[in-house]
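Reviewing the structure listed below.
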Amino acid sequence: MRIATWNVNSIRTRFGRVVDWLQREDIDVLAMQEIKCRPDQFPIEAFEQAGYHLEINGLNQWNGVAFASRHEMTDVARGFDGMPGFGKPIKGQEEVQGTGPNGLPLEARALGVTVGDLRLWSLYVPNGRSLEDPHLEYKLDWLQALRNNTEAWLDEDPELPLALMGDWNVAPLDADMGDPSFVLGRSTHVSPAERAAFEAFAPLVADVVRPIVPEGYTFWDYKAGRFQKDEGMRIDFIMGSEAFADTVTGASIHRDERRGDAPSDHVPVVVDIDPSLLGGTFEDDYDRPMVF
DNA sequence: ATGTCATACATGGTATGA
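FYI, the numbering for the first sequence is 1 to 292, going by full-length UniProt numbering.
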């Protein structure tokens with residue numbers, strides 16, 4: 001079974017490419033970020049014709065997260081407890097947007113679903129914009145609220161196979177930052193505060209891809225030929241609980257998806273898991289290992 | 001090289017976000 005995360009940078013622009021990739025790579029569940037549309041604008045049919053169900057959390061042309069899954073999704077959560085908001089209310093979305101504990105309107109940055117025994121989240125962590133910008137404090141508060149929820153979810157069920165997947169907008173290690181327009185320690189994504197906020201997720205969840213794929217970026221800015229010069233950043237992660245990590249049998253970063261016509265600026269990150277190591281509540285439409 | 005994309009808007013270029 002293959003589970004992936006991809007910041008698609010507008011699903012309306014990218015849906016053909018995304019669906020082609022899902023089928024070619026035999027992906028079971030994809031967490032998407034930056035879909036940049038409302039549910040009524042999402043190209044649902046292209047995914048359904050390819051055999052995928054959808055869950056969508058999108059409010060306007062910014063942000064937006066979604067899941068495409070071959071398996072049934074249940075217990076859908078749009079946002080998490082204590083998630084802060086930012087900015088001004090979105091016109092026409094007053095009924096659905098809601099307000100965070102900081103009194104500001106909520107954005108479409110988190111979507112939780114249950115697939116079989118797995119609890120999966122598609123997350124688009126706020127960018128931060130600059131160290132002096134209020135968006136940076138929003139980013140740190142948002143990560144702390146997510147961390148608090150993660151602790152509560154795992155307190156309730158320490159054996160929960162939980163994966164927090166998405167664009168974390170943090171480069172945790174120096175080797176994860178290859179874009180010279182960012183200065184270690186003094187730019188967003190690599191500031192001590194952001195790295196501390198990321199590190200606070202240990203030991204609740206850990207990066208399940210890095211042990212298998214130690215090198216490589218997941219994002220290259222469109223500007224200044226960053227991809228051609230391989231001046232990228234590793235900021236997209238699949239963070240798994242211990243029970244989730246125990247099922248992981250492989251991982252890959254699909255660098256080639258940054259090539260060709262109209263790529264996203266991010267590439268997919270994939271984990272292979274062995275569902276037989278879980279409780280066994282999946283539908284029987286995956287490749288179950290044969291035992292003789 | 002203040003670069004390149006995607007999107008909204010009492011639009012057809014400009015503002016905003018990343």
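Positions of the beta carbon are idealized from the N, C-alpha and C atoms, including for glycine. Small disclaimer: the values here were computed from a predicted structure and weren't measured.
Looking at the structure shown, is residue 213 part of a helix, part of a strand, or coil, going by DSSP? Residue 213 sits at position 213 when you count from the first residue of the first sequence. Coil, per DSSP.
I need the straight-line Cα distance from residue 133 to residue 51, nearest angstrom please. Here the question's residue 133 lines up with position 133 in the first sequence. Here the question's residue 51 lines up with position 51 in the first sequence. Distance between the alpha carbons of residue 133 and residue 51: 42 Å.
At the level of alpha carbons, what is the spacing between residue 98 and residue 188? Numbered from its first residue, the first sequence carries residue 98 at position 98. Numbered from its first residue, the first sequence carries residue 188 at position 188. The alpha-carbon atoms of residue 98 and residue 188 are separated by roughly 28 Å.
Excluding sequence positions up to five away, which residues of its chain have a Cβ less than 7 Å from the Cβ of residue 243? The residue given as residue 243 occupies position 243 in the first sequence. Closer than 7 Å at the Cβ level, and outside the excluded window around residue 243, lie 159, 160 and 161.
My parser needs the alpha helix (DSSP H) runs of 4 or more residues fully inside the stretch 4–46; what are they? Within the stretch 4–46, the complete alpha helix (DSSP H) segments of 4 residues or longer fall at 11–24, listed in chain order.
Element boundaries [beta strand (DSSP E), containing residue 150]: Residue mapping note: residue 150 aligns to position 150 of the first sequence, counting from 1. Segment 134–156 is the alpha helix (DSSP H) holding residue 150; no beta strand (DSSP E) there.
So, residue 218 versus residue 195, is the Cβ gap smaller than 8 Å? On the first sequence, residue 218 is found 218 positions in, with the first residue counted as 1. On the first sequence, residue 195 is found 195 positions in, with the first residue counted as 1. Taking 8 Å as the Cβ cut-off, residue 218 and residue 195 do not qualify as a contacting pair.
Does the distance from the CB of residue 122 to the CB of residue 67 come in under 8 Å? The residue labelled residue 122 in the question sits at position 122 within the first sequence. The residue labelled residue 67 in the question sits at position 67 within the first sequence. A distance below 8 Å separates the beta carbons of residue 122 and residue 67.
Any chance the stretch 112–131 sits against the stretch 169–179, with 3 or more Cβ pairs inside 8 Å? Verdict: yes, contact present.
How many angstroms separate the CA atom of residue 49 from the CA atom of residue 65? On the first sequence, residue 49 is found 49 positions in, with the first residue counted as 1. On the first sequence, residue 65 is found 65 positions in, with the first residue counted as 1. Each residue's CA atom was taken as its position, placing residue 49 and residue 65 some 20 Å apart.
How long is the line joining the alpha carbons of residue 257 and residue 42, rounded to whole angstroms? Numbered from 1 along the first sequence, position 257 holds the residue referred to as residue 257. Numbered from 1 along the first sequence, position 42 holds the residue referred to as residue 42. Between residue 257 and residue 42, the C-alpha separation is close to 21 Å.
Starting from residue 302 and walking both ways along the alpha helix (DSSP H), at which residues does that stretch end? Here the chain comprises residues numbered 1 to 292, so residue 302 is not present and cannot be evaluated.
Might you give, ordered along the chain, the residues of its own chain that have their beta carbon closer than 6 Å to the beta carbon of residue 74, omitting 5 neighbours on each side? For the purposes of this step, residue 74 is taken as the residue at position 74 of the first sequence. 114.
Looking at C-alpha atoms only, which residue of 275, 154, 91 and 267 is the closest neighbour of residue 106? Here residue 106 is taken as the residue at index 106 of the first sequence, counted from 1. Closest option to residue 106, judged by alpha-carbon separation, among 275, 154, 91 and 267: 91.
Can you pull the DSSP bridge partners for residue 67? Residue numbering aside, residue 67 sits at position 67 when the first sequence is read from its first letter. According to DSSP, residue 67 bridges with 31 and 55.
Classify residue 185: buried if its beta carbon has 16 or more other beta carbons within 10 angstroms, exposed otherwise. In the first sequence, the residue the question calls residue 185 occupies position 185. Exposed, since its Cβ has fewer than 16 Cβ neighbours within 10 Å.
Distance between residue 36 and residue 14 (C-alpha atoms, nearest Å): Indexing the first sequence from 1 puts residue 14 at position 14. Indexing the first sequence from 1 puts residue 36 at position 36. When rounded, the distance between both Cα atoms is 11 Å.
Would you identify the three-state DSSP class for residue 240, choosing helix, strand or coil? Counting from one through the first sequence, the residue named residue 240 turns up at place 240. Three-state DSSP puts residue 240 in a strand.
Burial state of residue 69, where buried means 16 or more other Cβ atoms lie within 10 Å: Taking the first residue of the first sequence as 1, we reach residue 69 at position 69. Label assigned to residue 69: buried.
If you run the structure through DSSP and keep just helix, strand and coil, what is residue 258? Stepping through the first sequence from its first residue, residue 258 is reached at position 258. Residue state, collapsed to three classes: helix.
Buried or exposed by the 16-neighbour rule on C-beta atoms within 10 Å, applied to residue 298: Nothing in the structure corresponds to residue 298, since the chain is present only between 1 and 292.
Output the distance between the C-alpha atoms of residue 144 and residue 262, rounded to the nearest integer angstrom. Translated into the one-based positions of the first sequence, residue 144 becomes position 144. Translated into the one-based positions of the first sequence, residue 262 becomes position 262. Per the coordinates, the alpha-carbon of residue 144 lies some 35 Å from the alpha-carbon of residue 262.
Would you check whether the ligand FMN has a heavy atom nearer than 7 Å to the C-beta of residue 256? The model depicted lacks the ligand FMN and carries no ligand whatsoever.
Pull up the distance between the alpha-carbon of residue 79 and that of residue 146, whole angstroms please. As a working note, residue 79 is residue 79 in the first sequence. As a working note, residue 146 is residue 146 in the first sequence. Cα to Cα, residue 79 sits roughly 9 Å from residue 146.
Counted within 10 angstroms of its Cβ, other Cβ atoms place residue 87 as buried (16 or more) or exposed: By one-based count along the first sequence, residue 87 stands at place 87. By the 10 Å Cβ count, residue 87 comes out exposed.
If you run the structure through DSSP and keep just helix, strand and coil, what is residue 225? Counted from its first residue, the first sequence places residue 225 at position 225. Residue 225 falls in the helix class under three-state DSSP.
Buried or exposed, going by whether 16 or more other CB atoms sit within 10 Å of the CB of residue 179? Here residue 179 refers to the residue found at position 179 of the first sequence. By the 10 Å Cβ count, residue 179 comes out buried.
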